[in-house]
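Asker: What follows is a structure written as structure tokens; I'll ask about it next.
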Amino acid sequence: MSNAIGIIYANSATDGLQGLALERPIAAVPFGGRYRILDFALSSMVNSGIRTIGLVTPHHYRPLLDHLGAGKAWFLDRKDGGLFILPGAFHGLVGTNHTFCIKDLKNNIEYLDKDFAENVVISSGDQIFNINFKNALEFHNDKQADATVIYKEINNPCDLTEKVFFKMDKDQKVSTIQDKKDLEKTKLLHPYFVNMLIIRREILLDIIEKFSSSGCIDLIDILTANLEVLNVYGSPTCSLIGTIRTIKDYFDRSMDLLNLEVRGRLWLGEDRIHTKIKDNPPTQYTSQAKVSNSLIASGCSIAGEVVNSIIFRGVILEQGCQIKNSIILPKCHIHAHAQTNYTILDKSVTVNGENILKGSLNNPLVVLKKTVI
Numbered sequence: 050m051s052n053a054i055g056i057i058y059a060n061s062a063t064d065g066l067q068g069l070a071l072e073r074p075i076a077a078v079p080f081g082g083r084y085r086i087l088d089f090a091l092s093s094m095v096n097s098g099i100r101t102i103g104l105v106t107p108h109h110y111r112p113l114l115d116h117l118g119a120g121k122a123w124f125l126d127r128k129d130g131g132l133f134i135l136p137g138a139f140h141g142l143v144g145t146n147h148t149f150c151i152k153d154l155k156n157n158i159e160y161l162d163k164d165f166a167e168n169v170v171i172s173s174g175d176q177i178f179n180i181n182f183k184n185a186l187e188f189h190n191d192k193q194a195d196a197t198v199i200y201k202e203i204n205n206p207c208d209l210t211e212k213v214f215f216k217m218d219k220d221q222k223v224s225t226i227q228d229k230k231d232l233e234k235t236k237l238l239h240p241y242f243v244n245m246l247i248i249r250r251e252i253l254l255d256i257i258e259k260f261s262s263s264g265c266i267d268l269i270d271i272l273t274a275n276l277e278v279l280n281v282y283g284s285p286t287c288s289l290i291g292t293i294r295t296i297k298d299y300f301d302r303s304m305d306l307l308n309l310e311v312r313g314r315l316w317l318g319e320d321r322i323h324t325k326i327k328d329n330p331p332t333q334y335t336s337q338a339k340v341s342n343s344l345i346a347s348g349c350s351i352a353g354e355v356v357n358s359i360i361f362r363g364v365i366l367e368q369g370c371q372i373k374n375s376i377i378l379p380k381c382h383i384h385a386h387a388q389t390n391y392t393i394l395d396k397s398v399t400v401n402g403e404n405i406l407k408g409s410l411n412n413p414l415v416v417l418k419k420t421v422i
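Just so we're aligned, residue 50 is where the sequence shown starts under my numbering, counting upward by one.
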């Protein structure tokens, strides 16, 4: 789709992931057995025909570069367009509420100046979804919109925190941003912003020029303050969307994958989620292995019991160990007769025999990378 380029903000930070995002941005956190969270936004743009994508990165971007390389797995190793690394201005400081900081774009203005695409598709990199932006882009062009925000509808706005709700007229033009307290008094469906939007490139350049000297102002706040001046429309999506900000978010969205319907909507449709290819051998299951309702990636050795769990690549589970309601990241080694329940093990964790690791549904136990127990 030659009339659009993409920008993904992969520099969001949080202190709610209990160490999973300590040495990596949220976008680089492993997810679903073989993916990174960033893969979902990146694949959605590629599947929409966007072949020029800029990635706003934090200061600890090495895990992102290790995963992305030149972008070959996403068809972005190109002479024309491709994948661009855009260093963030504030490195995604924990505690800030900015999603699309204008200062980040000002520091990478050449990315926008050198391209002649009419539109820019912008997304956060801390969400799980599979969206094709083609319909939203067609809607955006048909309405001759300056910006188009992508939204979902929800019955109970109390279920979502830190979300932007808005009101539209019959033509789907955004008229006001609604106060969440007012929303709670009604029983209607309420549209909320899913941290994805389309904006005309020239309009974005004009906004950057006018507002970049004012510090880290959020793009959505600028659009909100100029609804009377700009033509801002809303385009709906029916995609599953899960934002990852806390360890509970990560655990719940991961366990959702054990539902066949969820896997079908995310992975098994026409648009696939791409990720880094690794030539691992198939997983080996011994005669003592017992596996039920679990996702197990390639390159593993399974001799224990696995129930309601997600096992990443290269994990070794020895005979007699029990893995229940857990997420085991790559290259972990669980020795004989060890047990985990409601546990998340980061990469390369070793659990020696007879140890029992147990968290709870609302507070999963997190074990940091390379820990030996």
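Glycine is no exception: its CB is placed at the ideal position from the N, C-alpha and C atoms.
#1: Per DSSP, what kind of secondary structure is residue 160 in: helix, strand or coil?
#2: Looking only at its own chain, which residues have a Cβ that is under 8 angstroms from the Cβ of residue 279, when we skip the five neighbours before and after it?
#3: Does the beta-carbon of residue 317 have 16 or more other beta-carbons within 10 angstroms, so that it is buried, or is it exposed?
#4: For residue 391, name the three-state secondary structure that DSSP assigns.
#5: Report yes or no: do the stretch 84-96 and the stretch 337-351 share at least 3 C-beta pairs separated by less than 8 angstroms?
#6: For a test of the three-state rule: what should DSSP assign to residue 108, helix, strand or coil?
#7: What do you get for residue 284, buried or exposed, if any count of 16 or more other CB atoms within 10 angstroms of its CB means buried?
#8: Where do the ends of the beta strand (DSSP E) carrying residue 247 lie?
#9: Here's the rule I'm using: 16 or more other beta-carbon atoms within 10 Å means buried, otherwise exposed. How should residue 374 be labelled?
#10: Please report the residue range of the alpha helix (DSSP H) in which residue 184 lies.
#11: Using a Cβ-Cβ cutoff of less than 6 angstroms, which residues in the same chain neighbour residue 412 once the five nearest sequence positions on both sides are dropped?
#12: If you follow the beta strand (DSSP E) that residue 355 is in, where does it begin and where does it stop?
#13: Which residues in the same chain have their Cβ closer than 8 angstroms to the Cβ of residue 169, if we skip the five residues on either side of it in sequence?
#14: Please report the residue range of the beta strand (DSSP E) in which residue 197 lies.
#15: Mapping DSSP to helix, strand and coil, what is residue 314?
#16: Check whether the Cβ atoms of residue 224 and residue 58 lie closer than 8 angstroms to each other.
#17: Hey, quick one: how far does the beta strand (DSSP E) through residue 288 stretch, first residue to last?
#18: Let's see if you can read the secondary structure: which residues bound the beta strand (DSSP E) around residue 75?
#19: Just to confirm, is the Cβ distance from residue 307 to residue 268 under 8 angstroms?
#20: Three-state secondary structure (DSSP) at residue 255?
#21: Using beta-carbon positions only, say whether residue 289 and residue 311 come within less than 8 angstroms of one another.
#22: Ends of the alpha helix (DSSP H) at residue 178?
#23: Check whether the stretch 86-99 and the stretch 368-385 are in contact - that is, three or more C-beta pairs closer than 8 angstroms.
#24: Measuring CA to CA, which of 104, 340, 128 is closest to residue 175?
#25: Nearest by alpha-carbon distance to residue 286: which of 389, 388, 180 is it?
#26: Determine which residues share a DSSP beta bridge with residue 226 and list them.
#27: Just to confirm before moving on: does the CB-CB distance between residue 401 and residue 363 stay below 8 angstroms?
#28: Residue 386 and residue 365: beta carbons closer than 8 angstroms?
#29: Please state whether the Cβ-Cβ distance between residue 266 and residue 151 is less than 8 angstroms.
#30: Hey, how far is the Cα of residue 270 from the Cα of residue 148?
#31: In angstroms with no decimal places, state the Cα-to-Cα distance between residue 309 and residue 226.
#32: Does the distance from the C-beta atom of residue 424 to that of residue 109 stay below 8 angstroms?
#33: With DSSP collapsed to three states, give me the class of residue 220.
#34: Once DSSP output is grouped into helix, strand and coil, what is the label at residue 339?
#35: Go to residue 415, then tell me how far its alpha helix (DSSP H) extends in each direction, as first and last residue.
Answerer: Let me spell this out:
#1: Indexing the sequence shown from 1 puts residue 160 at position 111. Residue 160 falls in the helix class under three-state DSSP.
#2: Start at 1 with the first residue of the sequence shown, and residue 279 comes out as number 230. 195, 196, 252, 272.
#3: The sequence position of residue 317 within the sequence shown is 268, counting from 1. Residue 317 is exposed by the Cβ-count criterion.
#4: Position 342 of the sequence shown, counted from the first residue, corresponds to residue 391. In this structure, residue 391 counts as coil in the three-state DSSP scheme.
#5: The stretch 84-96 makes no contact with the stretch 337-351, as fewer than three CB pairs between them are under 8 angstroms.
#6: Locating residue 108 in the sequence shown gives position 59, counting from the first residue. In the structure shown, residue 108 sits in coil (DSSP, three-state: anything other than H, G, I, E or B).
#7: By one-based count along the sequence shown, residue 284 stands at place 235. Label assigned to residue 284: buried.
#8: As a first step, residue 247 is located in the sequence shown; it is residue number 198 there, counting from the start. First-last of the beta strand (DSSP E) with residue 247: 239-249.
#9: Numbered from its first residue, the sequence shown carries residue 374 at position 325. Counting the other Cβ atoms within 10 Å of the Cβ of residue 374 gives 16 or more, which makes it buried.
#10: As a first step, residue 184 is located in the sequence shown; it is residue number 135 there, counting from the start. Note, residue 184: alpha helix (DSSP H), 183-191.
#11: For the purposes of this step, residue 412 is taken as residue 363 along the sequence shown, with counting starting at 1. The answer is none, since no qualifying residue turns up.
#12: Taking the first residue of the sequence shown as 1, we reach residue 355 at position 306. Counting along the chain, the beta strand (DSSP E) containing residue 355 begins and ends at 354-356.
#13: As a working mapping, residue 169 is identified with position 120 in the sequence shown. The answer, listed in chain order, is 53, 54, 55, 56, 161, 247, 248, 249, 250, 253.
#14: Along the sequence shown, read from residue 1 onward, the residue named residue 197 stands at position 148. Per DSSP, residue 197 belongs to the beta strand (DSSP E) from 196-203.
#15: Here the question's residue 314 lines up with position 265 in the sequence shown. Residue 314 falls in the helix class under three-state DSSP.
#16: Taking the first residue of the sequence shown as position 1, residue 224 is located at position 175. Taking the first residue of the sequence shown as position 1, residue 58 is located at position 9. Going by C-beta atoms, residue 224 is not nearer than 8 angstroms to residue 58.
#17: On the sequence shown, residue 288 is found 239 positions in, with the first residue counted as 1. If you look at residue 288, you'll find it isn't in any beta strand (DSSP E); DSSP assigns it neither H nor E.
#18: Counting from one through the sequence shown, the residue named residue 75 turns up at place 26. Annotation: residue 75 is outside any beta strand (DSSP E) and is labelled neither H nor E by DSSP.
#19: Locating residue 307 in the sequence shown gives position 258, counting from the first residue. Locating residue 268 in the sequence shown gives position 219, counting from the first residue. Cβ atoms of residue 307 and residue 268: not closer than 8 angstroms.
#20: The sequence position of residue 255 within the sequence shown is 206, counting from 1. Residue state for residue 255 is assigned as helix, using DSSP reduced to three classes.
#21: On the sequence shown, position 240 is the one that residue 289 refers to. On the sequence shown, position 262 is the one that residue 311 refers to. A contact, by the Cβ cut-off of 8 angstroms.
#22: For the purposes of this step, residue 178 is taken as residue 129 along the sequence shown, with counting starting at 1. Taken as a continuous stretch (DSSP letters only), residue 178 belongs to no alpha helix (DSSP H), as it is neither H nor E.
#23: Contact between the stretch 86-99 and the stretch 368-385 is absent, because fewer than three Cβ pairs lie under 8 angstroms.
#24: Stepping through the sequence shown from its first residue, residue 175 is reached at position 126. Relative to residue 175, the option among 104, 340, 128 whose CA is nearest is 104.
#25: In the sequence shown, residue 286 corresponds to position 237, counting from 1. Comparing Cα-Cα distances from residue 286 to each of 389, 388, 180, the minimum goes to 180.
#26: Indexing the sequence shown from 1 puts residue 226 at position 177. Answer is 215.
#27: As a working mapping, residue 401 is identified with position 352 in the sequence shown. As a working mapping, residue 363 is identified with position 314 in the sequence shown. For residue 401 and residue 363, no; Cβs fall outside 8 angstroms.
#28: For this step, residue 386 is matched to residue 337 along the sequence shown. For this step, residue 365 is matched to residue 316 along the sequence shown. Not a contact, by the Cβ cut-off of 8 angstroms.
#29: The residue you call residue 266 lines up with position 217 of the sequence shown. The residue you call residue 151 lines up with position 102 of the sequence shown. Yes, these two residues count as a Cβ contact at 8 angstroms.
#30: Working through the sequence shown from its first residue, we reach residue 270 at position 221. Working through the sequence shown from its first residue, we reach residue 148 at position 99. Between the C-alpha atoms of residue 270 and residue 148 there is a straight-line separation of about 10 angstroms.
#31: Within the sequence shown, numbered from 1, the residue matching residue 309 stands at position 260. Within the sequence shown, numbered from 1, the residue matching residue 226 stands at position 177. Residue 309 and residue 226 have their alpha carbons spaced roughly 36 angstroms apart.
#32: As shown, the chain starts at 50 and ends at 422. That puts residue 424 outside it, with no answer to give.
#33: As a first step, residue 220 is located in the sequence shown; it is residue number 171 there, counting from the start. In the structure shown, residue 220 falls within a coil segment according to DSSP collapsed to helix, strand and coil.
#34: Numbered from 1 along the sequence shown, position 290 holds the residue referred to as residue 339. DSSP places residue 339 within a strand segment (E or B) once states are collapsed to three.
#35: The residue given as residue 415 occupies position 366 in the sequence shown. Residue 415 -> not in any alpha helix (DSSP H); beta strand (DSSP E) instead, spanning 414-416.
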